[in-house]
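S.K.: Input: one structure, supplied below.
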Amino acid sequence: MPQEQKPAEPTSTFQAKAGLPASPQPLEVHPATTDIKPWDLDNVAGFEHVGKPRPRIEGPLKVTGKAKYTFDIKLPGMLYGRMIGAAVPAAEILSIDTSQAEALAGVKAVWTTDSRVVRFAGQDVAAVAAVSPDVARDAARLVKVSYKERPFTHELREAMKPDAPRVFNLDRMPSGRDLGRNGNLAGPRPSRSNRGDVEKGFAEAEVVHEGTYYCPVHTHSPLETHGVVASWEGEQLTIYASTQALFAVREGVSEALGIDRKNVRVICDHMGGGFGSKLGPSATGSAFSVVACRLAKQAGAPVKLMLDRHQEHLCTGNAPSALMKVKLGAKKDGTLTAALYQSWGSAGVAGGAGTSGPAGALHGKNPNFKAEEWDVFTNAGPSAPLRAPGHSQGAFGLESAIDELAEKLGIDPLELRKKNEASPVRMAQYDVGAKAIGWERRNRKAGDMATGRLGAALGPRKRGLGMANGNWYVFASENSNAQVRVHRDGSVELITGCQDIGTGYRTAMMVVAAEELGIEPGDVALRLGDTQFPEGPGSGGSVTTNSMAPVVRLAANQARGKLFELAAPLLGAKPEELDAAHGKIFLASDKTKVVGFKQAAAKMSGESIEVLVKRPKQYETFRGDIAGTQFAEVEVDVETGVVRVVKMVSVNDCGLPVNPLTTQSQVLGAMIQGASWALFENRVLDRNVGTMVNPNLEMYKILAPADMFEAESILTPVANMGNNTSTAGIGEPPIVPTLAAVANAVFNATSARVRELPMTPDRVLQALSEARRA
Amino acid sequence: MNRFELVRAQSTTQARELVAEKPGSVLKAGGIDLLDHLKEHLVEPPRLVDLKTIPGLSQISVDKDGTLKLGALATLAQVAAHAAVRASHPALARACGEAASPQIRNVATIGGNVLQRPRCWYYRLESYKCFKKGGDVCFAVAGENRYHVLFGGGPVFAAHPSNAAVPLVAYGASFVLDGPKGGRVVAAADFFQLPAQDPTRENVLEPGELLKEISVPSAAGWKSAYFEVRERAAFDWPLVSAAIALKVSAGVVREARVVLGQVATIPWRSAAAEKALVGKAVGAASAEAAGKAAVEGAQPMSDNGYKVDLVATLVRRTVESLA
Amino acid sequence: MARRPPPPDEGREQTSFSRRSFLKSAGVSAAATTIVGAGERAEAAPAVLGPNAVTLNLRVNGAVRPVTVEPRVTLLDALRNELDLTGAKPVCERGGCGACTVLLDGAPIASCLLLAADAEGHEVTTVEGIGTPEKMSPLQAAFVEKDALQCGFCTPGFVVAGTALLAKTPRPTLDQIKAGLAGNICRCGTYGRIFEAVQAAAATRPSQAPSQTPSQRR
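Protein chains in written order, with our numbering: chain X, 3 to 776; chain E, 14 to 336; chain F, 1049 to 1266.
Set out below in structure tokens:
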């Protein structure tokens, strides 16, 4: 009988080590009595599999083109669907005429929206399903929509103007009800980190820096666009989805269709990236999943509906732009006395554009902090969380300001940060990163390579070093379940509904289960990505590994317990005296008394042992956040304004890395994505017509192989992240400091301060000429 | 894409006739620019006539007098890799070799490259009905013009997109056209047309004509170079480019050709920069003067003023590289 | 690229284009046409393909794979939707990202920007033709070993481009690797490890001529 975890379990108490292994702190933790004692970071070398680099198990499928993504699914009789989005940014829909589309040979179903208000170009208007992608495109073009266009506002700073066209009536704004509303603004939203008295703090300051910083809108641009294959069999609906959250798809679609969840099955074996845009049932700006299901029902055939790249840019979410005003006060010795952080962010037609996270979390010794955020609405697609949402923008503003303050104070920016650091983890990370980048080579005088040791200036190409901090949090979803099944023949299955979004989750879970069971990871057959399997969390907030690892371990532990009960009589021992490793079960005190895993399994009375476990409660830990710091070396051609990243060192903590190979890949990937945002990416809307002029991958420029730099990732494991595997997520934290680290390095190289991204030649040349004038 | 017929021509005459007999038909070479147009419905031809099946259009050869003959269907990769081109016309080899990506260069042809339509993002989006698509506005004027022109604009301001055209003009190339009234040869410098004459066109190719071959005179006695400034290190349209060819004897420039790319509606020959070089030694001073002269008469738009400095810098550096 | 005339069109749909109408519209220019007797196919009169579906004889991964598609169908769509070779991926559809890269006569191309019809007469190699999970090529194995992939959607394109790079330049420098892969984008950020994988695979290559890929075998 499968076991279930009940809520409000009685807890046990034990002493744990917390923090850095080099300088542990004592901590008393209270896991549920049904939970198991956490893995000890001191014992990493003693693990068989955990902590050892391991190529990902699905690698061979991916490198040979055999891995099937949603975009690859083909079902018998399948039709191809296509969305039609609004062509204009603000309008009333007067009519939608699908008659010509319906009359086209090969068109099998049509859908139109009931909504008559358009607030962004790309908003769902209609959809068709046809026998081929080409016919679907032909049909889509035959749908005639007539609009009564309205004035629109396309960009943050324009939308803030008092005479800007209104995106919403004040009572319709999708921001918290408690926020003030004015024009296109909702706010201010105070930060939860507000503390002290900033007025007093500024009064005490000996030096003050004020600066304004700006980040544009970025799109997620996963390579696999959003989409689903929807297939009905009677009342049973099967959806193949390119998703980060299978169960959210099931929940959202069943609710929208008014059907019972149990009749909806969602499958995702492999998916081609999401970065936060695929956490919901469809996308934040389109209900294509639901539409595909309706088309399939209407047509009586499965429908594959994938967005194209143009649509992907418009309606699947984006990172809000941010305008940030930062004011910092400090004593001459660098002690911060006050920080005031104000940001205005545009998430298009959505709210939630806050960026004050880093400002509130960093430089924790500063006693006086105040942050206020405003949402600014524009007639553009709604945002979706994008890899540490709001944080890379917020860190750009704050950490650039800290750097400018350091310059004013004449203090090394690394020393300034150390002086105000409250996190022992980050404090330890500073020197690790500084050593790796060679911080001592830094130009003492910005723009003057003769004052540093970065080599001789190559004519107009100047090098510099910069750094910035990041922060993140330990989130975990307790709605995480795992099933372990040991068969009588000794084979083992690990079954989790949770999806693998490409982080190496699969492999990590096999390692955890294998470690606990004392077998090889290759002997764990992992089945995942199906809502028929035990429910798992959405892969957002960097929760997946630390949500699932402890429950996988617990399930494996319970299965192991049952195997020990079977093995005990064979060894003339009690189950609690046994241990397991290398596919064997043995007496812990006398390893010669041994029986094989398969031998023990063969003793089971039934066909299999099943254990189904819900994740134990996250227990309190010495801190609930992730640190992180990053160092960058750049080269700037001061005549052309072209910036090249030469090297970046990223120091992060993530609890216990189960598979350091894939963990490091996450960090390296985040650095590259951050550098891409810093240097190139910019969603551009035409200021007169309001539609996106670069909805492609040609002029929405993503960092490419020729732009690649030397990237180094250093992990500082931290004990006790609140669960029995001491794991924590890593997908997001490393991206937070990147924008500022690059900008600060550019300053060190050139004495030019770029306060607006991306750092394309035009902005860098502008900053250079301002620096020369100063 | 719209539904179309595909016909594989076997001669240039046949190709022209196949186009003529079905109005709206277009020729297809590598298809790179054409497929982009088709996918965005910028054109909806009833028929595509394939030139790739015509023998003899993709040869690259060098005449005894050093004239380089490029079949219009030679790919950018073939031009860039050709030993003779690399040796005698390095600016052309470089422009072809740095264009786009390896995948594009393996299919895109030199003929298609010089004939391609602008990359202006308004032009490339169906929803913007600009001058080039029969409308009456250039959206760049009051809109997002950071990638648009400094010279030769009006009434459209889209930069001429061809990288290869820039050194071809610098080398004094000629385009050999095949047409219903027989062939004609047009100097590259005369081939590209300012929008003031006809905003819907970028060159003088008449309906029914096709580009067969590009003939590039020997560059013996000339030193030449081509450089670009790009945002991304590779696989990016240049912000500005420059091809400079100098004939130097007794330490002094006798003839100069300075051609700018991506800053004008046609490959832009800078007479002022050339004047600043003729009679001077190639060095820092003349390079600086050429750079300054090259931006004379520049008419920046609201967001592309940064290109002025880039032009001056790039011209200076390109001249310096020939010292 | 080898350029051969289109193969014999057994099974090709009869077209509406007739020799007589061609001659009529061609005026006096008879250079490209041959006058033949009634009932004989005119060698020089080209067939009109489409706009309805036509059967194309593609050679993919060493085998003849006929597909029946409209001329407007790209090679990418033909491979994926008609031949179930879903390794090459649709990402940007405009040649801007390399995810659709396949080899045409050994050279990497963007299959989203090639009409399937234009692949006739050429050898197409997809990622599936480079190796299988059971028998990966050294480069594919190196990708797995070095963790040069995350979500994997860009991976087939990189493997194909990387295979072509190594065939041409068996011991590439880092700059040559960057140049050879310059047309491929990865959003997850795997570039550093991809470079390591290419270098590792290069190091394992024998110093003699590279082995034949399946498409080159007859």
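For every residue, glycine included, the Cβ atom is placed at its ideal position computed from N, Cα and C. Remember, it's a predicted structure, so these values are computed and weren't measured experimentally.
Closer than 7 angstroms, CB to CB, is residue 215 of chain E near chain F or not?
M.R.: Chain F contact via Cβ: absent.
S.K.: Along the chain, where does the beta strand (DSSP E) containing residue 317 of chain X start, and where does it finish?
M.R.: Note, residue 317 of chain X: premise wrong, no beta strand (DSSP E); alpha helix (DSSP H) at 311–317.
S.K.: Rounding to the nearest angstrom, what Cα-Cα distance links residue 641 of chain X and residue 308 of chain E in this structure?
M.R.: Distance between the alpha carbons of residue 641 of chain X and residue 308 of chain E: 15 angstroms.
S.K.: Which same chain residues end up closer than 7 angstroms to residue 337 of chain E when comparing Cβ atoms and leaving out the 5 residues on each side of it in sequence?
M.R.: The structure shown does not extend to residue 337 of chain E, since chain E is modelled only from 14 through 336, so no value can be given for it.
S.K.: Where residue 61 of chain X and residue 731 of chain X are concerned, what is the direct C-alpha to C-alpha distance, given to the nearest angstrom?
M.R.: Their backbone Cα atoms lie some 21 angstroms apart in a straight line.
S.K.: Mark residue 1231 of chain F as exposed unless 16 or more other C-beta atoms lie within 10 angstroms of its C-beta, in which case mark it buried.
M.R.: So residue 1231 of chain F ends up on the buried side.
S.K.: Quick check: what's the CA-CA separation for residue 187 of chain E versus residue 273 of chain E?
M.R.: Residue 187 of chain E and residue 273 of chain E: Cα-Cα distance of roughly 18 angstroms.
S.K.: Strictly below 9 angstroms CB to CB, what residues from chain F border residue 16 of chain E?
M.R.: Neighbours of residue 16 of chain E on chain F, chain order: 1098, 1099, 1100, 1118, 1119 and 1120.
S.K.: Using only the alpha-carbon positions, how far apart do residue 358 of chain X and residue 371 of chain X sit?
M.R.: Using only the alpha carbons, I get a separation of about 11 angstroms.
S.K.: For residue 237 of chain E, write down the residues that DSSP places opposite it in a beta bridge.
M.R.: According to DSSP, which records beta bridges pairwise, residue 237 of chain E is partnered with E:258.
S.K.: With H, G and I counted as helix, E and B as strand and the rest as coil, what does DSSP make of residue 290 of chain X?
M.R.: Reduced to three states, the DSSP call for residue 290 of chain X is helix.
S.K.: Counting only Cβ-Cβ distances shorter than 7 angstroms, please list the residues of the region 92–119 of chain E near chain F, keeping chain order.
M.R.: Cβ contacts with chain F come from 114, 115, 116, 117 and 119.
S.K.: For residue 45 of chain E, go through chain F and note every residue whose CB falls closer than 7 angstroms to its CB, in chain order.
M.R.: Per Cβ cutoff of 7 angstroms: 1143 and 1161.
S.K.: Which residues of chain X have a Cβ atom closer than 9 angstroms to the Cβ of residue 1192 of chain F, listed in chain order?
M.R.: Residues of chain X passing the Cβ test: 57, 58, 61, 62, 64 and 65.
S.K.: Three or more beta-carbon pairs under 8 angstroms between the region 395–407 of chain X and the region 376–384 of chain X, yes or no?
M.R.: The region 395–407 of chain X is not in contact with the region 376–384 of chain X.
S.K.: State the DSSP-derived secondary structure class of residue 17 of chain X, mapped to helix, strand or coil.
M.R.: It is a strand residue.
S.K.: Here's the rule: buried if 16 or more other CB atoms are within 10 angstroms of the residue's CB, otherwise exposed. What is residue 15 of chain X?
M.R.: So residue 15 of chain X counts as exposed.
S.K.: Per DSSP, what kind of secondary structure is residue 220 of chain X in: helix, strand or coil?
M.R.: Note: residue 220 of chain X maps to strand in three-state DSSP.
S.K.: Would residue 1082 of chain F be called buried (16 or more neighbouring beta carbons within 10 Å of its own) or exposed?
M.R.: Unreliable positioning characterises residue 1082 of chain F in this predicted model, as indicated by a pLDDT of 38, which lies under 50. The coordinate reading is nonetheless provided below. Classification for residue 1082 of chain F: exposed.
S.K.: Using a Cβ-Cβ cut-off of 7 angstroms, state whether residue 64 of chain E counts as contacting chain X.
M.R.: So no, residue 64 of chain E is outside the interface.
S.K.: Where do the ends of the beta strand (DSSP E) carrying residue 1158 of chain F lie?
M.R.: Its beta strand (DSSP E) spans residues 1155–1158.
S.K.: At the level of alpha carbons, what is the spacing between residue 122 of chain X and residue 94 of chain X?
M.R.: Residue 122 of chain X and residue 94 of chain X: Cα-Cα distance of roughly 11 angstroms.
S.K.: Where do the N-terminal and C-terminal ends of the alpha helix (DSSP H) with residue 398 of chain X fall, by residue?
M.R.: Where residue 398 of chain X is concerned, the enclosing alpha helix (DSSP H) stretches over 393–411.
S.K.: Any heavy atom of the ligand FMN closer than 6 angstroms to the Cβ of residue 477 of chain X?
M.R.: Within the structure as shown, the ligand FMN is missing, as the structure has no ligands at all.
S.K.: Roughly how many angstroms lie between the CA atoms of residue 573 of chain X and residue 611 of chain X, to the nearest whole one?
M.R.: Each residue's alpha carbon lies about 20 angstroms from the other.
S.K.: Please state whether the Cβ-Cβ distance between residue 1188 of chain F and residue 1236 of chain F is less than 7 angstroms.
M.R.: No, Cβ-Cβ distance for residue 1188 of chain F and residue 1236 of chain F is not below 7 angstroms.
S.K.: Given residue 543 of chain X, which residues of its chain have a CB within under 6 angstroms of its CB, disregarding the five upstream and five downstream residues?
M.R.: Excluding sequence neighbours, residue 543 of chain X sits near 477.
S.K.: Taking Cβ-Cβ distances shorter than 9 angstroms, what residues in chain X pair up with residue 170 of chain E?
M.R.: The premise fails here: residue 170 of chain E is roughly 14 angstroms from chain X at the closest Cβ pair, so nothing lies under 9 angstroms.
S.K.: Can you name the residues of chain X whose CB is closer than 8 angstroms to the CB of residue 242 of chain E?
M.R.: Those within 8 angstroms of residue 242 of chain E in chain X are 642, 644 and 763.
S.K.: Taking its Cβ as the centre, do 16 or more other Cβ atoms sit within 10 Å of residue 198 of chain E, making it buried, or is it exposed?
M.R.: By the neighbour-count rule (16 or more Cβ atoms within 10 Å), residue 198 of chain E is not buried but exposed.
S.K.: Which runs of the beta strand (DSSP E) at least 3 residues long sit entirely within the region 355–380 of chain X? Give them in chain order.
M.R.: DSSP runs (the beta strand (DSSP E)) wholly in the region 355–380 of chain X: 371–378.
S.K.: Of all the residues that make up the region 184–211 of chain E, which are near chain F by a beta-carbon distance shorter than 7 angstroms?
M.R.: Cβ contacts with chain F come from no residue of the region 184–211 of chain E.
S.K.: With residue 87 of chain X and residue 136 of chain X assumed to form a contact (beta carbons below 8 angstroms), what rounded beta-carbon distance in angstroms separates them?
M.R.: Contact flag wrong, Cβ pair sits at about 19 angstroms.
S.K.: Got a sec: is the Cβ-Cβ distance from residue 1176 of chain F to anything in chain X below 7 angstroms?
M.R.: By this cut-off, residue 1176 of chain F is an interface position.
S.K.: Please check the pair residue 445 of chain X and residue 456 of chain X, which I expect to be a contact at CB under 8 angstroms, by giving their CB distance rounded to whole angstroms.
M.R.: Confirmed, about 7 angstroms.
S.K.: How far does the beta strand (DSSP E) with residue 28 of chain X in it extend, from its first residue to its last?
M.R.: Per DSSP, residue 28 of chain X belongs to the beta strand (DSSP E) from 27–31.
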